[in-house]
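Residue numbers (my numbering): 1 to 334. Backbone N, C-alpha and C fix where the C-beta goes; we use that ideal spot for every residue, glycine too.
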Amino acid sequence: MKNFSNRSFLKIMDLTGDEIEFLTDLSVKMDGYKNPTGPCSGKNAALIFEKTSTRTRCAFEVAMNDLGINTVYLDSSTSQLGKKESVKDTARVLGGMFNAIVYRGFGQERVDTLAAYSKIPVFNALTNESHPTQIIADFAVIKNTFGTLKGVTLAYFGDARYNMGNSLMTGCAKVGMNFIACSPKEYKPSEELIKTCVKIAEETGATISFTEDPLEAAAKADVIYTDVWVSMGEPDEIWEKRIKDLLPYQVNKKVIDGSNAKIVLHCLPSFHNLETEIAMDVYKKFGLKELEITDEVFEQFESSIFEEARYRLLSIKAIILATLTVENYDPFGR
Ligand code: CP
Ligand code: NVA
1 MKNFSNRSFL
11 KIMDLTGDEI
21 EFLTDLSVKM
31 DGYKNPTGPC
41 SGKNAALIFE
51 KTSTRTRCAF
61 EVAMNDLGIN
71 TVYLDSSTSQ
81 LGKKESVKDT
91 ARVLGGMFNA
101 IVYRGFGQER
111 VDTLAAYSKI
121 PVFNALTNES
131 HPTQIIADFA
141 VIKNTFGTLK
151 GVTLAYFGDA
161 RYNMGNSLMT
171 GCAKVGMNFI
181 ACSPKEYKPS
191 EELIKTCVKI
201 AEETGATISF
211 TEDPLEAAAK
221 ADVIYTDVWV
231 SMGEPDEIWE
241 KRIKDLLPYQ
251 VNKKVIDGSN
261 AKIVLHCLPS
271 FHNLETEIAM
281 DVYKKFGLKE
291 LEITDEVFEQ
301 FESSIFEEAR
311 YRLLSIKAII
321 LATLTVENYD
331 PFGR
């Protein structure tokens, strides 16, 4: 077992390719695994969510329950964080009471500060820049589908500059997967991150590329990935520009017809129909019934998309187990 003991899980860039593969493989083994009286039993974790969540919060709470870890949930409206107490002070308070902290919120610097000042393992449950636990789940589904990560080509359609685009590009570079960002130029990840990832890719055999042509990306893709066009915390006013810029990058029948991709992935939640308040608002303003992915394609690939959601629990359980146990702890006793 790799040594994750007592380490924080802040961003994919902090892990080696081998470590990402290890956690991916351990996630697969976590199917059905429970050990409430095992090595994590009796620990306490604080879950701070400054943004909403269904999958990530449930995955952390259920995983921790299955491993015997007690959880305390905090959000901005019911705790002192933000309005009356800084991240730095909160970190020092929680560090004295808990064995781990889970944080979902805004800038990456907030989760980094929590880790630096709490001195206990901190898990990033999504920041603007990064969503590392999602990557382990995504890669587990990809590895189960193709039997390998190396050499698989993932095409990301949409806003590639935000948490998912950044984390997927970094993860692909580290494990030797080919990453294609399919978006307008201004939605590419930052030049600095691209430069770092290209350098990593030279060592691992991955390729990092960009195209503004959806059919070119589709033709090369083994995996098609998309995410919402407006992320949590971004202002509503931005919808008009995002629709104008990103509608040509919608994952629709034309894209699928031009592709041999075996699976479509979406971290979710998704605007593929009018069954949500936000989708209905967008429809009333702009007349669109489906956004980043059409309902037809979403339902055609629902088994990979919801398998990915199921893997959020298994991957988070793997990350917790590797981190909150002693060095080289082997859950399977080998
Ligand atoms: N994919 C994901 O992080 O979902 P939630 O926002 O529901 O946690
Ligand atoms: N980019 C999305 C990801 C949701 C899991 C967001 O930040 O809202």
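For residue i, the first and last residue of its enclosing beta strand (DSSP E)
{"i": "ALA155", "result": "153–157"}
{"i": "ASN124", "result": "122–124"}
{"i": "ARG55", "result": "Note, ARG55: premise wrong, no beta strand (DSSP E); alpha helix (DSSP H) at 55–66."}
{"i": "ALA100", "result": "100–104"}
Exposed unless 16 or more other CB atoms sit within 10 angstroms - verdict on residue i
{"i": "THR226", "result": "buried"}
{"i": "VAL111", "result": "buried"}
{"i": "GLY96", "result": "exposed"}
{"i": "PRO340", "result": "Residue 340 is absent from the model: the chain starts at 1 and stops at 334."}
{"i": "ASN3", "result": "exposed"}
{"i": "ILE319", "result": "buried"}
{"i": "ILE238", "result": "exposed"}
{"i": "GLY151", "result": "exposed"}
{"i": "ASP330", "result": "exposed"}
{"i": "VAL122", "result": "buried"}
{"i": "PRO36", "result": "exposed"}
{"i": "ASN163", "result": "buried"}
{"i": "GLU109", "result": "exposed"}
{"i": "ASP138", "result": "buried"}
{"i": "VAL87", "result": "buried"}
{"i": "VAL326", "result": "exposed"}
{"i": "PRO214", "result": "buried"}
{"i": "GLN80", "result": "exposed"}
{"i": "LYS199", "result": "exposed"}
{"i": "PHE9", "result": "buried"}
Near the ligand CP: residue i beta-carbon under 7 angstroms from a heavy atom
{"i": "THR54", "result": "yes"}
{"i": "ARG57", "result": "yes"}
{"i": "CYS40", "result": "no"}
{"i": "LEU126", "result": "yes"}
{"i": "GLN134", "result": "yes"}
Span of the alpha helix (DSSP H), counted from its first residue to its last, around residue i
{"i": "VAL251", "result": "First-last for VAL251: undefined, no H or E at that position."}
{"i": "SER315", "result": "302–323"}
{"i": "ALA115", "result": "108–118"}
{"i": "SER167", "result": "163–175"}
{"i": "THR24", "result": "17–29"}
{"i": "ALA206", "result": "Unbroken run through ALA206: none, as it is neither H nor E."}
{"i": "TYR225", "result": "No alpha helix (DSSP H) contains TYR225, which is instead part of the beta strand (DSSP E) from 223–226."}
{"i": "THR78", "result": "Run containing THR78: none; DSSP gives neither H nor E here."}
{"i": "PHE179", "result": "Counting along the chain, PHE179 falls outside any alpha helix (DSSP H), though it belongs to the beta strand (DSSP E) covering 178–182."}
{"i": "ILE136", "result": "132–146"}
Proximal residues to residue i (C-beta, below 6 angstroms), its chain only, five neighbours per side dropped
{"i": "TYR73", "result": "LEU47"}
{"i": "PHE271", "result": "ALA279, LEU291"}
{"i": "MET379", "result": "Residue 379 is absent from the structure shown; the chain starts at 1 and stops at 334."}
{"i": "ARG334", "result": "Bear in mind that the predicted position of ARG334 carries a pLDDT of just 48, short of 50, making it too unreliable to give a figure here."}
{"i": "CYS40", "result": "LEU67, GLY68, ILE69, LEU324"}
{"i": "ILE263", "result": "THR145, VAL223, SER304"}
{"i": "ILE141", "result": "With the sequence shown as reference, residue 141 is identified as Val, and Ile is not the correct amino acid for it. Around VAL141: GLU307, GLU308, TYR311."}
{"i": "ARG161", "result": "TYR187, PRO189"}
Contacting residues, own chain, Cβ-Cβ under 7 angstroms from residue i (five flanking each side not counted)
{"i": "GLY165", "result": "TYR156, ASP159, ALA181, PRO189"}
{"i": "VAL230", "result": "ILE238, TRP239, ARG242"}
{"i": "LYS143", "result": "THR24, LEU149"}
{"i": "SER76", "result": "GLU50, GLY82"}
{"i": "PHE106", "result": "GLU50, THR127, ASN128, GLY233"}
{"i": "ASP31", "result": "LEU314"}
{"i": "GLU19", "result": "LYS2"}
{"i": "ARG7", "result": "PRO121, THR323"}
Closer than 7 angstroms: residue i CB and nearest the ligand NVA heavy atom
{"i": "TYR117", "result": "no"}
{"i": "VAL141", "result": "no"}
{"i": "SER231", "result": "yes"}
{"i": "ASP31", "result": "no"}
{"i": "HIS131", "result": "yes"}
{"i": "VAL255", "result": "no"}
{"i": "ASN328", "result": "no"}
{"i": "TYR162", "result": "yes"}
{"i": "ASP227", "result": "yes"}
Proximity test, residue i beta-carbon vs the ligand FAD heavy atom, cut-off 7 angstroms
{"i": "CYS267", "result": "This structure simply doesn't include the ligand FAD; it includes the ligand CP and the ligand NVA instead."}
8 angstroms Cβ shell around residue i - same chain, five flanking residues per side excluded
{"i": "PHE332", "result": "LYS29"}
{"i": "ALA261", "result": "ALA155, ALA218, ALA221, ASP222, VAL223, ILE224"}
{"i": "ARG92", "result": "TYR117, SER118"}
{"i": "LYS34", "result": "ASP66, LEU67"}
When the Cβ atoms of the stretch 52–64 are set against those of the stretch 170–188, are three or more pairs found closer than 8 angstroms? Verdict: no, contact absent.
Would you say the stretch 214–221 touches the stretch 254–269, given that touching needs at least three Cβ pairs under 8 angstroms? yes
Between the stretch 20–33 and the stretch 299–315, are three or more C-beta pairs nearer than 8 angstroms? Cβ pair count under 8 angstroms is three or more, so yes.
Are the stretch 280–300 and the stretch 194–207 in contact at 8 angstroms, needing three or more beta carbon pairs? no
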